[in-house]
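S.K.: Below are the structure tokens for one structure; questions will follow.
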Amino acid sequence: MPALNPRQAEAVRYIDGPLLVLAGAGSGKTRVITRKIAYLIETCGVAARQVTAVTFTNKAAREMKQRISGLLKNRDSRGLSVSTFHTLGLNIIRREHRELGYKPGFSILDAQDSADLLRELLRKERMEDEGITAGLQSQVSRWKNALVSPARALSRTEDETGAAAARLYAHYQRHLKAYNAVDFDDLILLPVQLFREHPQALERWQNRTRYLLVDEYQDTNASQYELVKQLVGVRGALTAVGDDDQSVYAWRGARPENLALLQKDFPRLKLIKLEQNYRSTGRILKCANHLIGNNPHLFEKRLWSKLGPGDPLRVLDCRSEEHEAQSVVSEILHHHVTQGAPLGDCAILYRSNHQARIFEKVLREHKIPYFLSGGTSFFAHTEIKDIMAYLRLLANPEDDAAFLRIVNVPRREIGPTTLEKLAGYASRRNTSLLLASGELGLEQILPQRTRERLAEFAAWIEDFARRGESGDPVKAVRDLIRDMDYPNWLRETSANDKTAERRLANLDELVSWLGALTKGEAQDKSLSEMVNQLTLMDILERQDEETGGDRVHLMTLHAAKGLEFPHVFLVGMEEEVLPHRTSIEEDNIEEERRLAYVGITRAQRSLALSYANQRKRYGEMAECEPSRFLQELPSQELQWSGKPTNRTREETRERGQAHLSHLRSLLGSD
DNA sequence: TGGGGTGATATTTTT
DNA sequence: TATCACCCCA
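Counting from -11, one number per residue, gives the positions in the first sequence under the numbering used here.
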């Protein structure tokens, strides 16, 4: 086990009050968090169940758990909570749902479900023409993340469009509540509201959070910060780890200022900076420091490394995006062949997803295996969404969104007209669609055959709901899928055999995940708990990872955060690409610079930056200018290749002239 | 119910 | 250019 450096050790041992660890890229922040948790449990005698660590991604939480259990060996780490903010919120809501006015079995709507619901409401309200369709979901999300209630949102708006959006927000919240459902943002928002209104509940949670550790602190938004403050309370047993230079989620509500706010809110805050980098060579770090030096800083820090200077950074000047892809791929091949570098050591990083395409094409042409991260999520597949909707409905008979999704999938001859009438009836009776389906009052408005179909469906669902509750929930799910002949429906609705096979495999995978969840830590989980847990999980299609092997990594800069690779190719270093056009327009260059910084600091041994002079934009060929960030790098550390651009030609001319005038001045002074 | 034609639209993305 | 949602017609 590597020894901690003095600063890291100090951060691990400082438990007397609130602590902010400013951890530069590659400075071993995860090591500090994991070692600190082990220290708290082993040395300070804090009970594992009273330690809570929060991260932003499942992946980070998973890794952290693994590393801690490695450190603690056989010692008791049961009850230690390492989770994402959202899972923590879910646990709080699960325990306290009554106080919040939710019933057991409440559903979680994912981003897609919530967008669907908003679109539906928008349609009902006939507000399409008011131009608030675009960005409505993110507006609502921003409000929620800033702890702005619908009423406050409405009172704050100035124009009619904003008011319409705020009304929709109110409407949306009412529907969620009626569905006994929450969305992702609610998982943070509701606990905050609960703790504001119920001091006893807050005390309960404070008592079980004797120590709180927060990773990637710069990514917290206002509601997450509020939750942190509430849980920490006056005790101030908090370690926050973050790096303002790696804040790249401002567009999602993250507030890097939260780092500075800590100092205000916790006057006793201790600050420790981790500046020794264990990842990159000196030249790479020098360039990174140089670039980020152009940003204003909340806290000054300067990364250094003992790893030696390393090679100069290469800049690839390319004619077109095609040429760029070919240049990068041939460099990778070169590394691979001449230095025996594994393909898996190479990563191609880009600003936006569409840039991956051309690289995929060229890699395929060269028969080079690659791993593209950030594809469609497992849970975005129709078949998975369908079954999840069934599960939600089993657990929560009030989940109208789930009901509407699957009532006619597979076909049960329950069409839009029927549903509209049913919805009218249900809302008059103040009940849910599923519960209304079996009611006698429908006699007045629906023909007998239709009523029978509805009642049959409702009875069928209720039957399986009972089976899921009393018996083996996984078996109930299997039976449900078989009983409605869903696999055949999938085959019928798939374009070809191949997609059908894939979808069936996905279905199997979902069921086996359910099985795995029942075997997990807590044995007897209810169906709804399993469903909610699944909704927060990130099962991506990882055939690539499973088939394993040595593959080039392709990913966005956002996805690369937290990772490292021996050889990094930072591509598309152009104005309007990185910095992205909209960021230029919105005068948001600093965040783009941080993105470039994140990209550079992913590299361990070698880094190449590339740009194209021409690129297809919305179908049309457009001239491109090298990114301003290239000029912000120290030119003596860069090695340009390819044909020199106008810029470099100009530079050489300038340099030549400077040299001449220098000579002249020498002559003149003589 | 499904398929084809049409017009708008075009970041980053986790939970 | 490429995709996607939407609408109309068979």
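The beta carbon of each residue, even a glycine, is placed where N, CA and C say it ideally should be. All values derive from a computational prediction rather than experimental measurement.
Within a Cβ cutoff of 6 angstroms, which residues of the same chain sit near Ile272, ignoring the five residues on either side of it in sequence?
M.R.: Excluding sequence neighbours, Ile272 sits near Ala591 and Leu595.
S.K.: Measure from the alpha carbon of Ser623 to the alpha carbon of each residue in Glu563, Leu597 and Arg605, then state which is nearest.
M.R.: Checked all of Glu563, Leu597 and Arg605; the closest Cα to Ser623 is Leu597.
S.K.: List the endpoints of the continuous alpha helix (DSSP H) containing Lys112.
M.R.: Unbroken alpha helix (DSSP H) run through Lys112: Ala99 to Glu113.
S.K.: Beta-carbon within less than 6 angstroms of Asn396's beta-carbon, same chain only, minus the 5 sequence neighbours each way: which residues are those?
M.R.: Closer than 6 angstroms at Cβ, skipping near neighbours: Ile402.
S.K.: First and last residue of the alpha helix (DSSP H) that includes Thr75?
M.R.: Residues Phe73 to Glu84.
S.K.: Excluding the five sequence neighbours on either side, which residues of its own chain have a C-beta within less than 8 angstroms of the C-beta of Leu421, listed in chain order?
M.R.: Answer for Leu421: Asp388, Phe391, Leu392, Val395, Leu407, Leu410, Ala411 and Ala414, listed in chain order.
S.K.: What did DSSP end up calling His664 once you bin it into helix, strand or coil?
M.R.: The requested residue 664 is not part of the displayed model; the chain covers only -11 to 658.
S.K.: In angstroms with no decimal places, state the Cα-to-Cα distance between Arg111 and Glu562.
M.R.: Cα to Cα, Arg111 sits roughly 40 angstroms from Glu562.
S.K.: Quick check on DSSP: helix, strand or coil for Gly412?
M.R.: Three-state result, Gly412: helix.
S.K.: Between Val136, Gly537, Asn494 and Cys306, which has its C-alpha nearest Cys612's C-alpha?
M.R.: Among Val136, Gly537, Asn494 and Cys306, the Cα nearest to that of Cys612 is on Cys306.
S.K.: So, with DSSP's three-state summary, where would you put Ser420?
M.R.: Ser420: coil per DSSP, three-state reduction.
S.K.: Using only alpha-carbon positions, find the residue among Glu309, Leu175 and Glu440 that is nearest to Leu97.
M.R.: Considering only alpha carbons, the answer is Leu175.
S.K.: Taking contact to mean at least 3 C-beta pairs separated by less than 8 angstroms, is the segment 230 to 238 in contact with the segment 178 to 194?
M.R.: The segment 230 to 238 is not in contact with the segment 178 to 194.
S.K.: Alpha carbon to alpha carbon, how far is Asp485 from Leu495? Give it in angstroms, no decimals.
M.R.: If I take the Cα positions, the gap works out to 15 angstroms.
S.K.: Work out the CA separation of Arg490 and His732 for me, nearest whole Å.
M.R.: For the chain, the structure presents residues -11 to 658; residue 732 sits outside this window and is missing.
S.K.: Can you name the start and end residues of the alpha helix (DSSP H) that Lys349 belongs to?
M.R.: Here the alpha helix (DSSP H) through Lys349 covers Ala344 to Glu353.
S.K.: State the start and end residues of the unbroken beta strand (DSSP E) segment that holds Trp628.
M.R.: It spans Leu626 to Ser629 - the beta strand (DSSP E) in which Trp628 sits, taken as one unbroken run.
S.K.: Quick one: Cα of Ala(-3) to Cα of Asn133, how far?
M.R.: Near 35 angstroms, if we compare the C-alpha coordinates of Asn133 and Ala(-3).
S.K.: Which residue comes first and which comes last in the beta strand (DSSP E) that contains Leu(-8)?
M.R.: Where Leu(-8) is concerned, there is no enclosing beta strand (DSSP E), given that its DSSP letter is neither H nor E.
S.K.: Among Pro297, Gln264 and Lys261, which residue has its Cα nearest to the Cα of Gly270?
M.R.: Answer by Cα proximity: Pro297.
S.K.: What three-state label does DSSP hand Val136 in the structure shown?
M.R.: In this structure, Val136 counts as coil in the three-state DSSP scheme.
S.K.: Cutting at 8 angstroms between CB atoms, please list the residues of its own chain near Ala26, excluding the five before and the five after it.
M.R.: Once the five neighbours on either side are set aside, the close Cβ partners of Ala26 are Ile56, Leu59 and Leu60.
S.K.: Candidates Gly328, Arg19 and Leu76: which alpha carbon is nearest Asp538's?
M.R.: Closest option to Asp538, Cα to Cα, is Gly328.
S.K.: In three-state DSSP terms, what is Ile25?
M.R.: Of the three classes helix, strand and coil, the one that applies to Ile25 here is helix, per DSSP.
S.K.: Secondary structure at Tyr474, three-state DSSP: helix, strand or coil?
M.R.: Here Tyr474 sits in helix by DSSP.
S.K.: Out of Val0, Leu621 and Gly459, state which residue places its alpha-carbon closest to the alpha-carbon of Ile280.
M.R.: Minimum Cα distance to Ile280 is reached at Leu621.
S.K.: Please state if the CB of Asp333 and the CB of His541 are separated by a distance shorter than 7 angstroms.
M.R.: It is not a contact, given that the beta carbons lie outside the stated cut-off.
S.K.: Bridge partners of Arg454, per DSSP?
M.R.: DSSP, once it has assigned bridges, lists no residue as partnering Arg454.
S.K.: Which residue or residues does DSSP assign as beta-bridge partners of Ala11?
M.R.: In DSSP, Ala11 forms a bridge with Leu262.
S.K.: For Ile372 and Leu498, which I take to be in contact (beta-carbon distance under 8 angstroms), what is that distance rounded to the nearest angstrom?
M.R.: Rounded, the Cβ-Cβ distance is 6 angstroms, consistent with contact.
S.K.: Nearest CA to the CA of Val559: which residue from Glu185, Arg352 and Ser340?
M.R.: For the residues Glu185, Arg352 and Ser340, the minimum Cα distance to Val559 belongs to Ser340.
S.K.: Identify, in the order they occur along the chain, each residue of the same chain with its Cβ nearer than 7 angstroms to the Cβ of Gly16, setting aside the five sequence neighbours on each side.
M.R.: Same-chain partners within the cutoff: Gln(-4), Leu262 and Tyr266.
S.K.: Around the Cβ of Ser143, are there at least 16 other Cβ atoms within 10 angstroms (buried) or fewer (exposed)?
M.R.: Exposed, by the Cβ-count rule.
S.K.: Name the DSSP bridge partner or partners of Cys275?
M.R.: DSSP output for Cys275 lists no bridge partner at all.
S.K.: Which same chain residues end up closer than 6 angstroms to Phe183 when comparing Cβ atoms and leaving out the 5 residues on each side of it in sequence?
M.R.: Within the same chain, Phe183 has close Cβ partners Leu190 and Gln218.
S.K.: I think Val303 touches Gln627, with their Cβ atoms under 8 angstroms apart; what is that distance to the nearest whole Å?
M.R.: Contact holds; Cβ gap of about 7 angstroms.
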